[in-house]
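Here the structure comes first, spelled out in structure tokens, and everything after it is commentary.
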Amino acid sequence: MQVALVTGGSRGIGRAVSVKLAAEGYYVLVNYVSNDAAAQETLARIQSAGGDGELLKFDVADYAATEKALAEWQTAHPDEYIAVLVNNAGIRKDNLLLWMEPDDWYKVLRTNLDSFYNVSKQLLQPMVVHRAGRIINIASLSGLKGLPGQTNYSAAKGGLIAATKALAQEVAARKVTVNAVAPGFIATDMVEGLDAEELAKTIPAKRFGKPEEVAELVAFLASDRAAYINGEVISINGGIF
Ligand code: NAI
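Heads up: the sequence shown begins at 864 in the working numbering, then just goes up one per residue.
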């Protein structure tokens, strides 16, 4: 059994990635933090596509909670290990830095960047020991170019990109790859409240991306076919940079 963990798998990009990886034959652990019904819906879609998996509820921003949940899973499945990790969970709390409250800074950093450490730290050793592993980090266009109103989110995603490049060099010799995907505008709950019609005009492809399109890229990076891609950031943005 090949096991994949998708953080923030209850909705949006994480849900599409979970369903895609399950269709590719992975047993998918769907992490989420609060919305039980949405997580159940992801699991139902996995199963109706002929795949299988389970829900794993924990807050990726909380080191102790993450460590506990993953240690418990490992103890319950001593013969398995998580070969593919998709660090997808993320939030945004946009504001100009002038008005940004400490909570909005720290919460975004904790959820989008500390989570990379919290989760990857638990899973790296088994990947290295098995000499097979994939870590795929969902970054953002904001992390590449910086976007006004998102200094917190841009800092977190930029940090995630740098961490991707550093970790890739630490583990490449052990056949573990660490890559990032940098989406532009993807139609999910996260972009609700944005003026989609106006924004779409600024995108060369003239539309938002679909979560399923991001999932295709993630699935490729997870596969053996991507074994020599390491420390890379791949944009998926309809041509907007
Ligand atoms: P979404 O808001 O639809 O889903 C986010 C997911 O993360 C949810 O399943 C939520 O439960 C989970 N989550 C949030 N905080 C969590 C925590 N502390 N612990 C565990 N799970 C948690 O967002 P979307 O659009 O699917 O975003 C997924 C990733 O893609 C995020 O990292 C986001 O920053 C990134 N992204 C999204 C873009 C977009 O246009 N939608 C563009 C660029 C990047």
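Each residue gets a CB set at the ideal place from its N, CA and C atoms; glycine is no exception.
Since we're looking at a predicted model, the values are computed, not measured.
>> Excluding the 5 residues flanking Ile1024 on each side, which residues of the same chain have their C-beta closer than 6 Å to its C-beta?
In response: As a first step, residue 1024 is located in the sequence shown; it is residue number 161 there, counting from the start. Cβ neighbours of Ile1024 beyond the five flanking positions: Ala1002, Gly1006, Ala1043 and Val1096.
> Who are the Cβ neighbours of Val982 in its own chain at under 7 Å, not counting the five residues just before and after it?
Replying inline: For the purposes of this step, residue 982 is taken as the residue at position 119 of the sequence shown. Taken in chain order, the residues that qualify are Thr870, Val923, Thr929, Leu948 and Asn950.
>> Below 7 Å, is the gap between the Cβ of Val1054 and the nearest heavy atom of the ligand NAI?
In response: Here residue 1054 is taken as the residue at index 191 of the sequence shown, counted from 1. Because some heavy atom of the ligand NAI lies under 7 Å away, the Cβ of Val1054 counts as near it: yes.
> Three-state secondary structure (DSSP) at Gly953?
Replying inline: One-based indexing of the sequence shown puts residue 953 at position 90. Coil.
>> Given the structure, does Tyr895 come close to the ligand NAI, in the sense that its CB is under 7 Å from one of the ligand's heavy atoms?
In response: Sequence index remark: in the sequence shown, residue 895 carries index 32 (1-based). Flag set: Cβ of Tyr895 near the ligand NAI.
>> Quick check: the segment 931 to 942 against the segment 905 to 914, are at least 3 beta-carbon pairs closer than 8 Å?
In response: no
> Out of Asp957, Ala912, Trp936 and Ser1086, which has the shortest C-alpha to C-alpha gap to Met1053?
Replying inline: Mapped onto the sequence shown, residue 1053 falls at position 190. That would be Asp957, whose Cα lies nearest to the Cα of Met1053.
> According to the neighbour-count rule (16 or more other Cβ atoms, all chains shown, within 10 Å of its Cβ), is Thr1065 buried or exposed?
Replying inline: To locate residue 1065, count along the sequence shown from 1; it is residue 202. It counts as exposed.
> How about the segment 982 to 1001 and the segment 1027 to 1042: do they share at least three Cβ pairs that are nearer than 8 Å?
Replying inline: yes
>> If you reduce the DSSP assignment to three classes, tell me which class Val923 lands in.
In response: Stepping through the sequence shown from its first residue, residue 923 is reached at position 60. In this structure, Val923 counts as coil in the three-state DSSP scheme.
> Around the C-beta of Arg955, are 16 or more other C-beta atoms found within 10 angstroms, so that it is buried, or is it exposed?
Replying inline: For the purposes of this step, residue 955 is taken as residue 92 along the sequence shown, with counting starting at 1. Classification of Arg955: buried, given that the 10 Å Cβ count is 16 or more.
> Beta-carbon separation of Val866 and Glu964 under 8 Å?
Replying inline: Translated into the one-based positions of the sequence shown, residue 866 becomes position 3. Translated into the one-based positions of the sequence shown, residue 964 becomes position 101. Going by C-beta atoms, Val866 is not nearer than 8 Å to Glu964.
>> Three Cβ pairs or more, each shorter than 8 Å: is that satisfied between the segment 1059 to 1073 and the segment 1011 to 1026?
In response: no
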